[in-house]
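So in the working numbering, the last spot in the sequence shown is 1088, and the numbers never skip. A short worksheet on the structure shown next.
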Amino acid sequence: MSQVATPKDKEKRQQAPWLLDASYVARAHTILASTAFTTALVFALLLHYKKVVKNGVAGYPDEWWPSVSATIGDWYPERNLFQILIGPRFALVIIQYYLTQISTSSLPILVLASGLIRTLACGGWVYITSTDDHDVHDVLMITYIVFNIPWMVGSIYCTPKENIASLRRRRLIATMFFGSIVPLIYFFIQHKVHRIPGAYTHYSLFEWALIVLDVTFDSVAELDFKAANIQISLGSLGLESSTSAQLEPTLPRAPAVQEATLKPAAEEILSTQPIKVKPMLIFNILSEFRPAISFCADVYLSYIFWSIFTSLIPTLFFFSVWELAIAGTEAALFSTLSPILLAITPLHIWCRTRGGQTTLWALSFSGLAAYAVDSPMQRLLVVAFATICLNIRQAVSWTDIEGTGVAYQGILMGLGLIVSSLSKHANHSNNPVWPQVTDDSGGYNKIGITLACLSLYEFYTRPSRGPDASKKTPKLEEHASEAAGPHWVAPAIALGSLIFSLHTLLSDSSTLIAWSWTGYADRKPLGPQPHLHGSVTLIAQCVGLLIPIIAPAWGQKALIHPLWFAYGSSSALIMYQYRNWLGYAGGLNLAVFLMSIIPHVLQGAALASKGAMAKTYGTAWLVTCLLDLASVWTVAYAFVPGGVYLRERTDLVVFAQMLCLGLAFEWPRLKRTKTYAHVTGTVSSHARTLLALLSILSVAVTIYKLPTRPPHPYSPGPRILTAGIWTVHFGIDNQGRDSQRKIRDLVHDLKIDVLGLLETDLHRIVYGNRDLTRVLVEELGYYVDLGPGPNSHTWGAVLLSKYPIINSTHHLLPSPHGELAPAIEAYLDVYGTEVQVVVAHNGQEEDPLDRELQARELARIMAKAYPAPTVFLGYVVTKPGASEPAPYEIMVRDGLVFDVDEDDDDRWCEYIFYRGLYRTSYARLSRGHVTDTEFQVAQFVLPRHGHSVTDESLDARMMRSFKEDLPEAHWLPMEYYGDLDKGGKNGHFYHPLYYAIPEGAVI
């Protein structure tokens, strides 16, 4: 007879929980993950071997091992088996956080965050496969790999010292993991960029190695869970309304990861009276995150500072470009001198209050909202007002009224600059919150304003002692040899020079690359490339800023020693004097130097500003303004009074900025106040973690933007080459907005294979330190030669080609009186035939001797390649058919080339010349809204390889044709046919001319 359970028995059974050792969770995760990957791999190799190893470059036998993506996502049943077996991973992350959490460090929280993001990304690339959405799958895969790095590093630091076996295994596995990333990226580039057969197989082997190491790393958690005796209790624990699983310890955790010995044992916890979870618990949890949140808010506000400040000069210089002279708007530059208003005592007192600072920040956000203003002049006034408020606020903040330490403010200053540069690297060289950009030109203005408001709210509501008030405050260590601070002049000058140096060289990751770029040789770039190596600049900046954070006391002293200044000066000399990789190496070392001295220079100014804040920071910004103007005058000397004295003298500017920086160092014979500064406590941990994340993100952005295939011409079958020349007015449209996407749309519609762009040297503060080619290269696929860089003092020339660039040479054309004119001479592999392409920008009409000498040099460059096919695309100030000494006759006669259409008398500045090709069409596209110059385009047909043009007589070249008499592939796009009143597209229109191909032509 069965026994009936009494109510008391039921109550006991209900109260008795079922305990599961947490180490089984880690073991189950390891088994499920290993089985999932192994099963998918085995079935893929057995059922779809040749299909799964095939990729966009090659297949079997060149490729013989499948990638992880193809294995788990492309075929049934391996795809479905993997998705079933991979299982959830959140439990492992949460238990590990529970084990390692302590009140004196936020590192476990950061590890938890990276673990959760990593887990979500894992689920994303598992369940959204490359077959479903290739881009989303790749982004999530990269995110997963990127966040593995803080997960692994953080897990190592959080491992209790007593768990020696766990610590050793994690360090070994993490070292192997990070070591595998380098060859992984190398073979990925070989496959993705250079399209080498078999490279993807080697990439796949390292990709699988990362998976194995990742799973193995997580399996080590089993040892930690066993050591801590963590158990999961399923059942009633006496908590009210408790129906879900609860995580409780049965024994105290390891001493290294606990705050104090846990009071009750497991039996005591289970036997205690029912506990109510208080609403205050959620606030306690949020308070643990508050220091990290405050730090992130401060970094974002620093990013806003750099964004608004760097947008001011491009906004005002828009008018100078149109006037080609002093336009009056240059006076807006002196809005940066607003800290002198702090000499007004009531204003100074108000600015030092929390409410005053918050108000100044809120007013400065008008610079972000200026994107909604259509008028360029009104937009400038708004940005200038925002800069006035911003610089007053920054001056007060740099004196450390919040008690966070001037060194902390210096770290924020550097982090904000890095974030700004990274945002440009990820957004086609445009800061996404600049007022010059909108939704149509790559802007994320509304998101930026929203985040700025949230950061300001956090700043206003935080505890009064700054971002780390609840825990250890970052300490500013000061050692003074004198009671009083130093005189304010020298520290102010040094700070002004530092702001200028950071702005002009490091506000964009590709500026240093533009300084060192010289072109191609044997189909390979001679130096770094902006879209590929910009992340290296960002990493150098991160390394430089990391030095004052981690340096011990003697290291802090070394950063203001004359030997460190000698290192920086030597780096600047190498950057200026040399090109290609050596020059770039000098620039990278200069980046490390500049970033490393930010806290010390800022601290010197703060100490000097005691009683002289208005004079100190006003002088600093005045020095910045003077250096800004000097750097512009080196190339714009023809349009400014006294500019002749700085013509092409960038060496003087570099010398001056380094000389000014030298005032911040401790020279033996100068009696100066010695100041050393560094941050300690959790702020140091936050800064190190963020620098690591920014470095990783910069590499991830580069990998994501790598082209999936090499450039290819628009019409390879008929052997058509479509060439164009356009003076794009520094990438600024008629409304003062960035014009890269408008240029992209027009170039794509016209199917331009070889494109010359002029007025393109944007790596100057007046143009926002931008790279005009990024959208075209990354979205349309072109080989690019940037032409002479900013240290060559030209307005810039760019060559973009769908054909491989065999080699290229940069020329600075003779310019004894006027502007220094750039030229690019390149040889392209066009359907197996070498074609010479010359892109040039000549001087203005005010200097006839310059134009004559430049024309003769261009003619010499073109003639030396005779009889090879040649296309000239350039800006030449001459009338069509003008006789010598005008450039037209010199270039056509001595250059052994033909005019694209000798009957077109409507041209003035832009010309297309050619030889050795059959021209089939030519058009001048109206200017539209992108720039004030027209776009000229011509279409050519290349003779069959091994043949040349059969008839180059005037009659043969000028034989007109109707487009209907030519194959449709030779027609220029029909949507642009029309006139000013009717037809065209986006304000652009043309009436193309067509030409017959002579009889007997071999094409």
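We put the beta carbon where it would ideally sit given N, CA and C, even for glycine.
If P952 and S1038 are in contact, beta carbons under 8 Å, what's the gap, nearest whole angstrom? On the sequence shown, position 867 is the one that residue 952 refers to. On the sequence shown, position 953 is the one that residue 1038 refers to. Between P952 and S1038, the beta carbon gap of about 16 Å keeps them out of contact (Cβ cut-off 8 Å).
When the Cα atoms are used, what is the spatial distance from L322 to I534? The residue labelled residue 322 in the question sits at position 237 within the sequence shown. The residue labelled residue 534 in the question sits at position 449 within the sequence shown. Here the model assigns L322 a pLDDT of 41, short of 50, so the residue's position is not dependable and the matter cannot be decided.
Output the residue ranges of the beta strand (DSSP E) runs that lie fully inside the stretch 792 to 854 and measure 3 residues or longer, sorted by chain position. Unbroken beta strand (DSSP E) runs of no fewer than 3 residues, entirely contained in the stretch 792 to 854, are found at 805 to 812 and 839 to 843, following chain order.
Taking the beta carbon of D1050 as the centre, do at least 16 other beta carbons fall within 10 Å, making it buried, or is it exposed? The residue labelled residue 1050 in the question sits at position 965 within the sequence shown. That one is exposed.
Answer yes or no: do P520 and G452 have a C-beta to C-beta separation smaller than 8 Å? Within the sequence shown, the letter at position 435 stands for residue 520. Within the sequence shown, the letter at position 367 stands for residue 452. In contact: P520 and G452 (Cβ atoms closer than 8 Å).
Alpha carbon to alpha carbon, what distance is there between R1029 and A1086? For the purposes of this step, residue 1086 is taken as the residue at position 1001 of the sequence shown. For the purposes of this step, residue 1029 is taken as the residue at position 944 of the sequence shown. Answer to the nearest angstrom: the Cα atoms are 9 Å apart.
Three or more C-beta pairs below 8 Å linking the stretch 936 to 943 and the stretch 965 to 985: Enough Cβ pairs lie closer than 8 Å, so yes.
Nearest CA to the CA of G703: which residue from F1074, T421 and D990? Here residue 703 refers to the residue found at position 618 when the sequence shown is read from its first residue. Nearest option by C-alpha distance: T421.
Take D990 and list the residues in its own chain whose beta-carbon comes closer than 6 Å to its own, dropping the five residues that flank it on each side. Taking the sequence shown and counting its residues from 1, the one referred to as residue 990 is at position 905. So the list reads P965, once near-sequence residues are dropped.
Distance, T156 Cα to W293 Cα: Working through the sequence shown from its first residue, we reach residue 293 at position 208. Working through the sequence shown from its first residue, we reach residue 156 at position 71. Taking the straight line joining both Cα atoms gives about 10 Å.
Three CB pairs or more closer than 8 Å across the stretch 493 to 510 and the stretch 377 to 395: Enough Cβ pairs lie closer than 8 Å, so yes.
Looking at the C-beta of C474, does it have a partner C-beta in chain C at a distance below 8 Å? Reference to chain C is not applicable here, since this structure consists of a single protein chain.
Pick out whichever of I230, P1083, G866 and P795 has its Cα sitting closest to the Cα of V786. What you label residue 786 is simply residue 701 of the sequence shown in a count that begins at 1. Cα-wise, what sits closest to V786 is I230.
Confirm, please, whether the CB-CB distance from H510 to L623 is below 8 Å. Here the question's residue 623 lines up with position 538 in the sequence shown. Here the question's residue 510 lines up with position 425 in the sequence shown. Yes, these two residues count as a Cβ contact at 8 Å.
Starting from Y916, follow the alpha helix (DSSP H) in both directions and report where the run begins and ends. Your numbering for residue 916 matches position 831 in the sequence shown. First-last for Y916: undefined, no H or E at that position.
Cβ-based neighbour list, Y545, same chain, cut-off 6 Å, excluding 5 preceding and 5 following: Translated into the one-based positions of the sequence shown, residue 545 becomes position 460. The residues are T443.
Taking one C-beta from the stretch 278 to 297 and one from the stretch 145 to 152 each time, how about it: are there three or more such pairs within less than 8 Å? They touch, by the three-pair rule.
Measuring straight from C-alpha to C-alpha, what distance separates I1082 and H1073? Along the sequence shown, one-based indexing puts residue 1082 at 997. Along the sequence shown, one-based indexing puts residue 1073 at 988. If I take the Cα positions, the gap works out to 28 Å.
Confirm, please, whether the CB-CB distance from V522 to R859 is below 8 Å. Within the sequence shown, the letter at position 774 stands for residue 859. Within the sequence shown, the letter at position 437 stands for residue 522. No; because the gap between Cβ atoms is not below 8 Å, this pair is not in contact.
A469 versus I828: straight-line alpha-carbon distance, rounded: Looking up residue 469 in the sequence shown gives position 384. Looking up residue 828 in the sequence shown gives position 743. Taken atom to atom, the span from the alpha-carbon of A469 to that of I828 is near 29 Å.
In whole angstroms, what separates the C-alpha of S595 from that of I683? In the sequence shown, counting from the first residue as 1, residue 595 sits at position 510. In the sequence shown, counting from the first residue as 1, residue 683 sits at position 598. I683 has its alpha-carbon roughly 21 Å from the corresponding atom of S595.
Should F460 go down as buried or exposed, given a rule of 16 or more other Cβ atoms within 10 Å for buried? Position 375 of the sequence shown, counted from the start, is the residue given in the question as residue 460. The amino acid at residue 460 is misidentified as Phe; the sequence shows Ser. By the neighbour-count definition (other C-beta atoms within 10 Å, threshold 16), S460 is an exposed residue.
Could you check how far apart the C-beta atoms of I632 and S681 are, in whole angstroms? I think they sit under 8 Å. Within the sequence shown, numbered from 1, the residue matching residue 632 stands at position 547. Within the sequence shown, numbered from 1, the residue matching residue 681 stands at position 596. Contact annotation, I632 with S681: C-beta distance approximately 4 Å; criterion of less than 8 Å satisfied.
DSSP beta-bridge partners for V922? By 1-based counting over the sequence shown, the position of residue 922 is 837. The beta-bridge partner set that DSSP reports for V922 consists of A911 and V956.
When burial is assigned at 16 or more other CB atoms within 10 Å of the CB, is A377 buried or exposed? Taking the sequence shown and counting its residues from 1, the one referred to as residue 377 is at position 292. The residue in question, A377, is buried, as its Cβ has 16 or more Cβ neighbours within 10 Å.
Helix, strand or coil for N892? Go by DSSP, reduced to three states. For the purposes of this step, residue 892 is identified with residue 807 of the sequence shown, where counting begins at 1. Of the three classes helix, strand and coil, the one that applies to N892 here is strand, per DSSP.
Alpha-carbon to alpha-carbon, N233 and A339: Sequence index remark: in the sequence shown, residue 339 carries index 254 (1-based). Sequence index remark: in the sequence shown, residue 233 carries index 148 (1-based). With a pLDDT of 38 at A339, under the threshold of 50, the modelled position of this residue cannot be trusted; read the value that follows with caution. Computed Cα separation, rounded: 25 Å.
Is it the case that the Cβ atoms of G629 and L590 are separated by a distance below 8 Å? Here the question's residue 629 lines up with position 544 in the sequence shown. Here the question's residue 590 lines up with position 505 in the sequence shown. Against a cut-off of 8 Å, the Cβ pair of L590 and G629 comes out as no contact.
Assuming A471 contacts S505 (C-beta within less than 8 Å), just tell me the rounded distance between them. Looking up residue 471 in the sequence shown gives position 386. Looking up residue 505 in the sequence shown gives position 420. That belief does not hold up - the Cβ atoms of A471 and S505 are roughly 16 Å apart, past 8 Å.
Rounded C-alpha distance that separates L366 from I241: On the sequence shown, residue 366 is found 281 positions in, with the first residue counted as 1. On the sequence shown, residue 241 is found 156 positions in, with the first residue counted as 1. Model confidence at L366 stands at a pLDDT of 40, short of 50, so the residue's coordinates are unreliable and nothing is read from them.
Need the endpoints of the alpha helix (DSSP H) that F273 sits in, please. As a first step, residue 273 is located in the sequence shown; it is residue number 188 there, counting from the start. Run containing F273: I249 to K277, per the alpha helix (DSSP H) assignment.
With DSSP collapsed to three states, give me the class of I425. Taking the first residue of the sequence shown as position 1, residue 425 is located at position 340. I425 falls in the helix class under three-state DSSP.
Just to confirm, are V1026 and Y1003 a CB contact at a threshold of 8 Å? Mapped onto the sequence shown, residue 1026 falls at position 941. Mapped onto the sequence shown, residue 1003 falls at position 918. Their beta carbons are under 8 Å apart, which means V1026 touches Y1003 by this criterion.
Spatial distance of L117 from L126 (CA atoms): As a position in the sequence shown, residue 117 is number 32, starting the count at 1. As a position in the sequence shown, residue 126 is number 41, starting the count at 1. Each residue's Cα considered, the two are about 14 Å apart.
For a test of the three-state rule: what should DSSP assign to E930, helix, strand or coil? As a position in the sequence shown, residue 930 is number 845, starting the count at 1. Reduced to three states, the DSSP call for E930 is coil.
Give the single residue among H572, L714, Y1061 and A721 whose Cα lies nearest to the Cα of A741. The count along the sequence shown starts at 1 and reaches residue 741 at position 656. The shortest CA-to-CA distance from A741 to any of H572, L714, Y1061 and A721 is the one to L714.
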